[in-house]
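K.L.:
Protein chains in written order, with UniProt numbering: chain P, 1 to 126; chain G, 1 to 285.
1. Identify which residue in 174/G, 226/G, 98/G has its Cα closest to the Cα of residue 239/G.
2. What alpha helix (DSSP H) runs, 4 residues minimum, are completely inside the UniProt domain "Response regulatory" (3-119) of chain P?
3. Considering only the alpha carbon of each residue, which of 46/P, 47/P, 43/P, 3/P lies closest to residue 27/P?
4. Give me the residue from 8/G, 66/G, 35/G, 213/G with the minimum Cα distance to residue 23/G.
5. Give a yes or no on whether 8 Å exceeds the smallest Cβ distance from residue 150/G to chain P.
6. Does any C-beta atom of chain P lie closer than 8 Å to the C-beta of residue 69/G?
7. Are the beta-carbon atoms belonging to residue 63/G and residue 10/G less than 8 Å from one another?
8. Whole angstroms is fine: what's the gap from residue 56/G's alpha carbon to residue 13/G's?
9. Take every Cβ of the region 141-148 of chain G, pair it with every Cβ of the region 120-129 of chain G, and state whether three or more of those distances are shorter than 8 Å.
10. Residues of chain G with CB closer than 8 Å to the CB of residue 96/P, please, in chain order.
11. Tell me the DSSP secondary structure of residue 237/G in three-state form.
12. Within 10 Å of its beta-carbon, does residue 251/G have 16 or more other beta-carbons around it, so buried, or fewer, so exposed?
13. Which full runs of the alpha helix (DSSP H) of 4+ residues lie inside the region 188-247 of chain G, going along the chain?
14. Give me the Cα-Cα distance between residue 159/G and residue 44/G, rounded to the nearest whole angstrom.
15. Check residue 122/P in the structure and name its three-state DSSP category.
16. Compute the Euclidean distance between the alpha carbons of residue 5/P and residue 114/P, then round it to the nearest angstrom.
17. If you follow the alpha helix (DSSP H) that residue 150/G is part of, which residue opens it and which one closes it?
18. For residue 75/G, which residues does DSSP report across the bridge?
Written out as structure tokens, the structure is:
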């Protein structure tokens, strides 16, 4: 079963993402900030990480840089999912190793499209 | 949240009004698409919206609901398969068949707000070797001035640019302007837009090498569909290609076109040779 780590300090966003991802057949783990997410990745690297940017303790972009520097940290696909939607943030995320970028708010179709874009979802599953 | 009986009503309503078929698990999609309408029309909740549709008190709201749920028509790279065919099959075959310097002409006959012709232009920029130094003309036509104005402006909201298109392509071919994403000039200048009604004569259109006519024939009755396809065949090169929507077919609709085997959505004039082979090259789509 494919695994997805949802990293967001908003419980509502985690709940919505979990609902969509489980419908797509993912096993979902949750983390409330970048530190929490690193600990989760140290236990087991997920197939894909849905990553918020603005979070307490360790931000999304800090987490991504730390993740990519870790052993095995280049394996998970990382999809940013944030309300920071200007070109400079997107460029910074891609530079740090993000594979895709969702500008909030998102819906099930957008999440599905992005998972498909990183090779982790098939067409017409929704 | 939409309750079960209202959800069933919305499903039946959309099926009846637009042919759209929603499965049982599209609650989130329905809510996310209709939520802006609650705000726009100052409707307190989904139950009230369903009630207004049931009693037919507002045709404007009914039309807005249908439109909100059928906006899939405006995706970039919608359905993907036709765009793969465009780069892997059509362009290589046409480039090989046409003399050097011969201009290729592409007609998007239901261009709507422009995503389809811009998707084709982006693919040409992504795959410059496909047509070499050959000039390519992309004409987008539509019945509606409003959507053509949007198409010419080339500005899309963030929902529109996120569906169908990867972030790398977004960053390469779009610029953020305020809250919108604007197609860059290098793409915009490759596409011409013009108002045109498919029911009018095609005289003066010239000859095209590829015609995209997707998701518009569904709105016409069978005799009109047959007539439009026959007239498209007359403005299409004998070795040209017609692309229809994923849910459309030419079977049972006149005899002007036949499916190109192994290529979903792509059709060729019936008189054309079947000697069309896909490119052996890996082409980016």
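Built from N, CA and C at the ideal position, the CB exists for glycine as well.
P.N.:
Per the coordinate set shown:
1. Here residue 239/G is taken as the residue at index 239 of the second chain, counted from 1. Answer by Cα proximity: 98/G.
2. Correct list: 11-23, 34-43, 60-69, 87-96, 108-117.
3. Counted from its first residue, the first chain places residue 27/P at position 27. Nearest Cα to residue 27/P within the set 46/P, 47/P, 43/P, 3/P: 3/P.
4. Indexing the second chain from 1 puts residue 23/G at position 23. The residue with the shortest Cα to Cα distance from residue 23/G is 8/G.
5. Here residue 150/G refers to the residue found at position 150 when the second chain is read from its first residue. So, not an interface residue.
6. Mapped onto the second chain, residue 69/G falls at position 69. Chain P places no beta carbon closer than 8 Å to that of residue 69/G, leaving this residue out of the contacts.
7. Translated into positions along the second chain, residue 63/G becomes position 63. Translated into positions along the second chain, residue 10/G becomes position 10. Contact: no.
8. Within the second chain, the letter at position 56 stands for residue 56/G. Within the second chain, the letter at position 13 stands for residue 13/G. In this structure, the straight-line span from the alpha carbon of residue 56/G to that of residue 13/G is close to 11 Å.
9. No: fewer than three Cβ pairs fall under 8 Å.
10. What you label residue 96/P is simply residue 96 of the first chain in a count that begins at 1. Neighbours of residue 96/P on chain G: none; closest Cβ ~13 Å, over 8 Å.
11. For the purposes of this step, residue 237/G is taken as residue 237 along the second chain, with counting starting at 1. Reduced to three states, the DSSP call for residue 237/G is strand.
12. Start at 1 with the first residue of the second chain, and residue 251/G comes out as number 251. By the neighbour-count rule (16 or more Cβ atoms within 10 Å), residue 251/G is not buried but exposed.
13. Entirely contained in the region 188-247 of chain G, the alpha helix (DSSP H) runs reaching 4 residues are, in chain order, 222-235.
14. Counting from one through the second chain, the residue named residue 159/G turns up at place 159. Counting from one through the second chain, the residue named residue 44/G turns up at place 44. Each residue's CA atom was taken as its position, placing residue 159/G and residue 44/G some 24 Å apart.
15. On the first chain, position 122 is the one that residue 122/P refers to. Reduced to three states, the DSSP call for residue 122/P is coil.
16. Stepping through the first chain from its first residue, residue 5/P is reached at position 5. Stepping through the first chain from its first residue, residue 114/P is reached at position 114. Going by the C-alpha atoms only, they are around 15 Å apart.
17. Residue numbering aside, residue 150/G sits at position 150 when the second chain is read from its first letter. Element bounds for residue 150/G: 145-153.
18. Taking the first residue of the second chain as 1, we reach residue 75/G at position 75. Its beta-bridge partners do not exist; DSSP assigns none.
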